[in-house]
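What follows is a short report on a single structure.
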Amino acid sequence: MTTKRSIEELIKEIQPLSLQTSVEDEKRIIVEYDSERILELAAKLKSMGFDHVKSVTGTDYPQKDVMTVTYHSSSYGNPELVEVIVTLKTSIERSHPKHPSLVNIWPSAEYLERETYELVGISFEGHPRLSRLLLPPDYEGPPPLRRDFEIPVEGIEA
Numbered sequence: 018m019t020t021k022r023s024i025e026e027l028i029k030e031i032q033p034l035s036l037q038t039s040v041e042d043e044k045r046i047i048v049e050y051d052s053e054r055i056l057e058l059a060a061k062l063k064s065m066g067f068d069h070v071k072s073v074t075g076t077d078y079p080q081k082d083v084m085t086v087t088y089h090s091s092s093y094g095n096p097e098l099v100e101v102i103v104t105l106k107t108s109i110e111r112s113h114p115k116h117p118s119l120v121n122i123w124p125s126a127e128y129l130e131r132e133t134y135e136l137v138g139i140s141f142e143g144h145p146r147l148s149r150l151l152l153p154p155d156y157e158g159p160p161p162l163r164r165d166f167e168i169p170v171e172g173i174e175a
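18 is the number of the first residue of the sequence shown in the numbering used here; add one for each residue after it.
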């Protein structure tokens, strides 16, 4: 089981690479970062035993003109870290939604980044295969999980 001391040591090591680090509870660490430092931060976390990405989320905030990119990372291989989840969060410009890909560090991010690209419209620079995954090949509209996406009316309105 992870001790409070080991969490504090982990935070101390990653703090120089982050904008802000906090502990939500004893097994959940929240790290806000600048996207220019994410490759270095992810490599550091991987070297510490966080060997995979559980999820990647893109969230659209049009009223603030930003989008957020959130990664959840954990460990399969390190028994001390198996219950710990590190949440990595950053904000990017909505008008230029780009973020470095973490696939070369965590291969488990490949499909998750593709899904986020396709449904939210965030481009992951350096991704080896940033292409459609879920939408039909003939889909031509805007990313459907953006807040300003309008569902087209089909059929008869009552």
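Glycine residues also receive a C-beta, built at the ideal position from the N, C-alpha and C atoms.
Environment of residue i [buried if 16+ CB atoms lie within 10 Å]
i    : result
S35  : buried
R131 : buried
A175 : exposed
H116 : buried
I55  : buried
L151 : exposed
S118 : buried
Supposed contact pair residue j and residue i - C-beta distance, whole angstroms, cut 8 Å
i    : j    : result
E135 : P160 : 7 Å
G75  : V137 : 3 Å
S90  : K71  : 7 Å
K61  : I102 : About 16 Å separates the two Cβ atoms, so there is no contact after all.
V48  : L129 : Wrong, their Cβ atoms sit about 18 Å apart, outside the cutoff.
S52  : I139 : About 11 Å; that fails the 8 Å criterion.
Reference residue i, options the options, closest by Cα
i    : options               : result
V86  : G158, A126, E25, E157 : A126
T38  : E57, F67, K106, A59   : K106
N121 : P79, R164, E57        : E57
I46  : G66, K63, E25         : E25
D77  : D165, G172, I173      : D165
G66  : K44, L27, D82, S52    : L27
D187 : H69, D68, I55, S112   : The requested residue 187 does not occur in the structure, where the chain is confined to residues 18 to 175.
E41  : L162, P79, T104, I173 : T104
Residue i - partner residues in DSSP beta bridges
i    : result
S39  : I47
P117 : E142
E110 : V83
G75  : V86
I102 : R45
S91  : H69
Next on the checklist: Within 8 Å, do at least three Cβ pairs link the region 137–151 to the region 94–104?
Outcome noted: no
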